[in-house]
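Undergrad: Encoded as structure tokens, here's the structure I'll be asking about.
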Amino acid sequence: MGTRDTYDQSLRELDERILSMAGHAADAVEHAMDALENSNAEEAQAVIAGDDSIDREEHAIEHLCLGLIASQQPVASDLRKVSTAMKVVTDLERLGDAAEDIAELSLRRGNEVIPELLTLLVQTGKEAVSMIRTAISAYAAEDMTLAAEVIDKDDVIDEYFSQIKNALAKYFAQEHPEIDCAIDYLMIAKYLERIGDHAVNLAEWVQFCKTGIHKHQRIV
Numbered sequence: 008m009g010t011r012d013t014y015d016q017s018l019r020e021l022d023e024r025i026l027s028m029a030g031h032a033a034d035a036v037e038h039a040m041d042a043l044e045n046s047n048a049e050e051a052q053a054v055i056a057g058d059d060s061i062d063r064e065e066h067a068i069e070h071l072c073l074g075l076i077a078s079q080q081p082v083a084s085d086l087r088k089v090s091t092a093m094k095v096v097t098d099l100e101r102l103g104d105a106a107e108d109i110a111e112l113s114l115r116r117g118n119e120v121i122p123e124l125l126t127l128l129v130q131t132g133k134e135a136v137s138m139i140r141t142a143i144s145a146y147a148a149e150d151m152t153l154a155a156e157v158i159d160k161d162d163v164i165d166e167y168f169s170q171i172k173n174a175l176a177k178y179f180a181q182e183h184p185e186i187d188c189a190i191d192y193l194m195i196a197k198y199l200e201r202i203g204d205h206a207v208n209l210a211e212w213v214q215f216c217k218t219g220i221h222k223h224q225r226i227v
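Position 71 of the sequence shown, counted from 1, bears residue number 78 in the working numbering, the numbering being contiguous throughout.
Dropping the structure here:
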């Protein structure tokens, strides 16, 4: 096998590892929200335990990227692909962290729920997971249309977050015994907003990989 063939194989391996890590991160967010919705302690604990695996995937991909840069000195589109991968894994790792945080809050709440607020959180979570999975598909296919769809959906997550904040403001204005639960719900809503931002980051890195232009990166 020639040098270029070996290099191309390494790039394919890079894509495979990115997509595998991305799938695990999306699953973690989905399972964390399922655990919250269904008060499922076992599922929440599995999300928490799985975060170490996502962290290990991040380190392995970073090592592969650095090896490619050092040994192959990629240029043009190949350099963009490797650079994109190093940025993407950061967002994927933070998705895993957010899922872990939601799972920990779910465990803390146990069976205590505020139904009307939980419904809004679950709807927001489903939209956020959809954004992540669409961003993953955009990365796999280098599909600019799918990437743009993810970016456009950011307003949907922001609107859900506003609805949750307004509902919580009304809730806090009254006397309720579940005040600690409401505070945790506000934290979960913030995590979901950040998850949406990470999905947008992923989509914008797809655009960068394809065009070499990156409009901006959200710091979350």
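Think of the CB as a built atom: it goes at the ideal place given N, C-alpha and C, for glycine as much as any other residue.
Go ahead and label V82 buried or exposed: buried means 16 or more other beta carbons lie within 10 angstroms of its beta carbon, across all protein chains shown.
TA: Taking the sequence shown and counting its residues from 1, one reaches residue 82 at position 75. Answer is exposed; the Cβ neighbour count stays below 16.
Undergrad: Could you name each continuous alpha helix (DSSP H) segment of 4 residues or more that falls completely within the segment 130-163, going from the start of the chain to the end?
TA: Runs found: 151-159.
Undergrad: With DSSP run on the structure shown, which of helix, strand or coil describes E119?
TA: Your numbering for residue 119 matches position 112 in the sequence shown. Residue state, collapsed to three classes: coil.
Undergrad: Determine the contact status of E64 and R101, defining contact as a CB-CB distance below 8 Å.
TA: The sequence position of residue 64 within the sequence shown is 57, counting from 1. The sequence position of residue 101 within the sequence shown is 94, counting from 1. Contact flag unset, no.
Undergrad: Do A135 and V207 come within 8 Å of each other at the CB atom, strictly closer than that value?
TA: The sequence position of residue 207 within the sequence shown is 200, counting from 1. The sequence position of residue 135 within the sequence shown is 128, counting from 1. No; because the gap between Cβ atoms is not below 8 Å, this pair is not in contact.
Undergrad: I want to know whether the segment 187-203 touches the segment 107-120 - three or more CB-CB distances under 8 Å.
TA: Enough Cβ pairs lie closer than 8 Å, so yes.
Undergrad: How would you label S113, buried or exposed, when you count the other beta carbons within 10 angstroms and need 16 or more for buried?
TA: Along the sequence shown, read from residue 1 onward, the residue named residue 113 stands at position 106. S113 should be labelled buried.
Undergrad: Going by C-alpha distance, which of I220, E211, L73 is nearest V95?
TA: Walking along the sequence shown from the start, residue 95 turns up at place 88. For V95, the nearest C-alpha among the options comes from E211.
Undergrad: Let's test the definition: count the other Cβ atoms within 10 Å of the Cβ of I220 and tell me whether it reaches 16, buried, or not, exposed.
TA: As a working note, residue 220 is residue 213 in the sequence shown. The C-beta of I220 has fewer than 16 other C-beta atoms within 10 Å across all chains shown, which makes the residue exposed.
Undergrad: Out of A174, G57, Q16, which has the shortest C-alpha to C-alpha gap to T126?
TA: In the sequence shown, residue 126 corresponds to position 119, counting from 1. Measuring from the Cα of T126, the nearest candidate turns out to be A174.
Undergrad: Exposed or buried, what is P122 when buried is set at 16 or more other beta-carbons lying within 10 Å of its beta-carbon?
TA: Counting from one through the sequence shown, the residue named residue 122 turns up at place 115. So P122 counts as exposed.
Undergrad: If you count every other CB in all the chains shown that lies within 10 Å of the CB of A42, and 16 or more means buried, which is it?
TA: As a position in the sequence shown, residue 42 is number 35, starting the count at 1. Burial call: buried.
Undergrad: Could you name the residues of the same chain whose beta carbon sits closer than 7 Å to that of R225, not counting the 5 residues immediately before and after it, in chain order?
TA: For this step, residue 225 is matched to residue 218 along the sequence shown. Legend: pLDDT at R225 = 49, less than 50; position of this residue unreliable, no value from coordinates given.
Undergrad: What are the boundary residues of the alpha helix (DSSP H) that I220 is part of?
TA: For this step, residue 220 is matched to residue 213 along the sequence shown. From DSSP, I220 is part of no alpha helix (DSSP H); its letter is neither H nor E.
Undergrad: Within its chain, find whatever has a CB closer than 7 Å to the CB of C216; leave out the 5 residues flanking it on each side and keep chain order.
TA: Mapped onto the sequence shown, residue 216 falls at position 209. R87, K88, T91, E149, listed in sequence order.
Undergrad: Kindly list the residues whose CB is nearer than 6 Å to the CB of Y167, restricted to its own chain and excluding five residues on each side of it in sequence; keep chain order.
TA: Looking up residue 167 in the sequence shown gives position 160. Taken in chain order, the residues that qualify are T131.
Undergrad: Between which two residues does the alpha helix (DSSP H) containing S46 stretch?
TA: In the sequence shown, the residue the question calls residue 46 occupies position 39. Counted as a single uninterrupted DSSP element, the stretch harbouring S46 is not any alpha helix (DSSP H), since DSSP gives it neither H nor E.
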